[in-house]
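In terms of the UniProt record's numbering, the sequence shown opens at residue 1 and continues consecutively.
As structure tokens, the structure follows; a few thoughts come after it.
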Amino acid sequence: MAQKYDKVKLKPYVSYKAPDVVQSEFTAQDLFDAVYSKKISEDFKQGKLDQDGNPLEPSREESLTPQEAFVQARKTGSDLFAESKVKKDST
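Written out as structure tokens, the structure is:
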């Protein structure tokens, strides 16, 4: 038997006074910058790139095949920002 909830006064979970959050689209350029740009810059400054621009000491992410990267990105719990969050929490 279903109960009647029409007389129950429910409050919203999030206050309507909360500010609107506007977030721009996360582009392929944003993804590249977040994952690779820092390492590429460091490798360039330290002379750790070959003549074709490939890393002489590739990171784990740089060593992934396209298929491995695809599978890893879809694993439960994978999160682009997880590493930066851990760094902030540990300091």
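The C-beta atom is built at its ideal place from N, Cα and C for all residues, glycine as well.
Computed from a prediction, not measured in an experiment: that's the story for all the values here.
Query                                                                                : Result
Rounded straight-line distance, which links the Cα of K38 to that of V21             : 28 Å
Cβ pair count under 8 Å reaching 3, the stretch 68-77 against the stretch 41-59      : no
Own chain, CB closer than 7 Å to E61, minus 5 neighbours either side, in chain order : V35
Beta carbon of E57 nearer than 9 Å to that of K45                                    : no
Assigned exposure category for D6 - 16 Cβ within 10 Å defines buried                 : exposed
Exposure label - D43; buried when at least 16 CB within 10 Å                         : buried
Extent of the continuous alpha helix (DSSP H) run through E25                        : That residue, E25, is in no alpha helix (DSSP H); it is neither H nor E in DSSP.
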